[in-house]
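Novice: Everything in the sequence shown is counted per my numbering, starting at 79 for the first residue and increasing by one. Yeah, the Cβ is synthetic: ideal placement off N, Cα and C, and Gly gets one too. These figures come from a predicted structure and were not determined experimentally. Got a structure here, written out as structure tokens. Questions coming.
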Amino acid sequence: MQTPVNQTKLFYYSPTGTSKKIAHAVCKGITSNQLSETDLTFMEAQAEQIHDNQLAIFVMPVYAGRIAPTALQRMSGIQGRNTPAVAIVVYGNRHYDDALLELCDVLKQQGFTPIAAAAFIGEHSFSRKEMPVAAGRPDECDLSIAAQFGEKIAEKLQSGDFYQELTVPGNYPYKEARQQPPMAPESSENCNLCGTCIEVCPTRAISLSDNRIVTDAAACTLCCACVKYCPQETRIFNTPFTKFLYENFSSRREPEWFI
Ligand SMILES: Cc1cc2nc3c(=O)[nH]c(=O)nc-3n(C[C@H](O)[C@H](O)[C@H](O)COP(=O)(O)O)c2cc1C
Numbered sequence: 079m080q081t082p083v084n085q086t087k088l089f090y091y092s093p094t095g096t097s098k099k100i101a102h103a104v105c106k107g108i109t110s111n112q113l114s115e116t117d118l119t120f121m122e123a124q125a126e127q128i129h130d131n132q133l134a135i136f137v138m139p140v141y142a143g144r145i146a147p148t149a150l151q152r153m154s155g156i157q158g159r160n161t162p163a164v165a166i167v168v169y170g171n172r173h174y175d176d177a178l179l180e181l182c183d184v185l186k187q188q189g190f191t192p193i194a195a196a197a198f199i200g201e202h203s204f205s206r207k208e209m210p211v212a213a214g215r216p217d218e219c220d221l222s223i224a225a226q227f228g229e230k231i232a233e234k235l236q237s238g239d240f241y242q243e244l245t246v247p248g249n250y251p252y253k254e255a256r257q258q259p260p261m262a263p264e265s266s267e268n269c270n271l272c273g274t275c276i277e278v279c280p281t282r283a284i285s286l287s288d289n290r291i292v293t294d295a296a297a298c299t300l301c302c303a304c305v306k307y308c309p310q311e312t313r314i315f316n317t318p319f320t321k322f323l324y325e326n327f328s329s330r331r332e333p334e335w336f337i
């Protein structure tokens with residue numbers, strides 16, 4: 079007989095906070111399970127085996143049509159044993175391309191059985207006030223859909239019938255990661271050295287040196303947490319990509335789930 083799944087282990091990587099919001103909203107819908115969560119934004123997960131009475135949920139942002147590489151690295155020590163898992167990607171209203179397929183594949187390689195998957199929309203990391211891309215998302219509507227998705231997951235767990243192969247969109251070979259020259263956001267001269275950017279950087283790429291903010295472009299993942307959380311709004315990532323996204327990917331996309 080199958081062990082009842084009565085606990086949820088939530089893992090997320092979320093430099094600008096949108097994946098975290100979706101993660102919490104989905105778990106709100108799974109009321110029957112006791113929840114424990116691990117934020118992978120600032121640290122790698124400790125090696126861990128997820129038990130068969132647990133459901134593992136992974137929520138990760140999409141970078142260039144794939145899962146953010148740092149997120150994959152941070153979750154690499156988490157293993158299942160045919161453990162049911164949910165794959166969720168959050169993307170900035172352009173597209174998630176092969177990211178959901180990639181996350182499901184990685185979960186299988188790590189011993190999990192994906193039983194549900196979803197793609198939600200979050201404000202694009204490169205969105206700016208004057209050129210907004212999915213600004214304010216996930217909004218109330220997205221969060222309500224996320225909670226409904228959680229309810230569907232709970233129903234599936236209750237039914238116990240969750241070992242059918244799950245099919246999600248995506249292609250092989252996955253979208254190739256394009257090599258970019260190292261670049262990074264910059265602090266303008268109005269920066270008051272408050273240090274928020276240093277604290278919120280998931281890869282510790284920012285430091286204070288000789289009374290100025292220094293960014294190690296080689297370590298920067300362009301997540302833009304430093305830009306989003308700068309209280310003075312003096313941190314900027316100036317990229318032509320913002321205008322491109324604003325002009326081409328402003329029409330609202332909606333969440334999708336697969337169960
Ligand atoms: C380097 C980089 C690449 C991105 N690539 C994509 C992409 O291919 N498609 C898309 O729609 N959004 C893309 N985004 C936007 C993020 O997926 C989106 O803003 C997401 O909500 C960020 O999640 P977080 O708030 O949890 O950090 C990219 C963001 C960054 C920083």
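Using a threshold of 8 Å, state whether the C-beta atoms of Glu180 and Ile145 are closer than that.
Specialist: Taking 8 Å as the Cβ cut-off, Glu180 and Ile145 qualify as a contacting pair.
Novice: Identify every run of the alpha helix (DSSP H) within the segment 127-187, keeping only runs that are complete inside it and at least 4 residues long; order them along the chain.
Specialist: You should have 147-152, 177-187.
Novice: With DSSP as the reference, label Phe198 as helix, strand or coil.
Specialist: Correct three-state label for Phe198: strand.
Novice: Let me make sure I understand the geometry here. Which of Ala283, Pro309, Gly248, Val292 has the alpha-carbon closest to that of Leu300?
Specialist: Out of Ala283, Pro309, Gly248, Val292, Ala283 has the C-alpha closest to the C-alpha of Leu300.
Novice: Return yes when the Cβ of Val164 is within less than 8 Å of the Cβ of Phe198, no when it is not.
Specialist: No; because the gap between Cβ atoms is not below 8 Å, this pair is not in contact.
Novice: Which residues in the same chain as Leu150 place their Cβ atom closer than 7 Å to its Cβ, once the five residues preceding and following it in sequence are excluded?
Specialist: Only Val184 meet the Cβ criterion.
Novice: Quick check on the burial criterion: 16 or more other C-beta atoms within 10 angstroms. Buried or exposed for Asn111?
Specialist: Buried, since its Cβ has 16 or more Cβ neighbours within 10 Å.
Novice: Quick one: residues in its chain with C-beta nearer than 8 Å to the C-beta of Gln310, no 5 flanking neighbours on either side, listed in chain order?
Specialist: Answer for Gln310: Asn268, Cys269, Asn270, Cys272, listed in chain order.
Novice: For the alpha helix (DSSP H) that contains Gln85, what are its first and last residues?
Specialist: Run containing Gln85: none in the alpha helix (DSSP H); it sits in the beta strand (DSSP E), 85-90.
Novice: According to DSSP, simplified to helix, strand and coil, what is Pro318?
Specialist: Helix, per DSSP.
Novice: What residue from Val305, Phe240, His102, Thr317 has the CA that sits closest to Pro260's CA?
Specialist: Nearest of Val305, Phe240, His102, Thr317 to Pro260, Cα basis: Thr317.
Novice: Kindly list the residues whose CB is nearer than 8 Å to the CB of Pro280, restricted to its own chain and excluding five residues on each side of it in sequence; keep chain order.
Specialist: Cβ neighbours of Pro280 beyond the five flanking positions: Tyr91, Pro93, Thr119, Phe120, Thr148, Thr299, Cys301, Ala303.
Novice: Where does the unbroken beta strand (DSSP E) through Leu300 begin, and where does it stop?
Specialist: Unbroken run through Leu300: none, as it is neither H nor E.
Novice: Taking 7 Å as the limit between beta carbons, can you name the residues of its chain near Leu178, skipping five residues before and five after?
Specialist: Around Leu178: Ala165, Val167, Ala195, Ala197, Val246, Pro247, Gly248.
Novice: For Asn84 and Ile223, I'd like the C-alpha separation in whole angstroms.
Specialist: Whole-angstrom Cα-Cα distance: 22 Å.
Novice: Below 8 Å, can you find three or more Cβ-Cβ pairs linking the segment 153-161 to the segment 119-134?
Specialist: Yes, since at least three Cβ pairs between the segment 153-161 and the segment 119-134 fall closer than 8 Å, the two stretches touch.
Novice: So for Thr94, helix, strand or coil by DSSP?
Specialist: Coil at Thr94, not helix or strand.
Novice: Using DSSP's beta-bridge definition, name the partner residues of Leu113.
Specialist: According to DSSP, which records beta bridges pairwise, Leu113 is partnered with Thr86.
Novice: Give the range of the beta strand (DSSP E) segment to which Ser287 is assigned.
Specialist: Element bounds for Ser287: 284-287.
Novice: Leaving out five residues before and five after Ser154 in sequence, what residues of the same chain have Cβ atoms less than 7 Å from its Cβ?
Specialist: Hits under 7 Å: none found.
Novice: Could you tell me the distance, in whole angstroms, from the CA atom of Thr109 to the CA atom of Thr86?
Specialist: Their backbone Cα atoms lie some 10 Å apart in a straight line.
Novice: Quick one: give me the first and last residue of the alpha helix (DSSP H) that Glu229 is part of.
Specialist: Start and end: 218-237.
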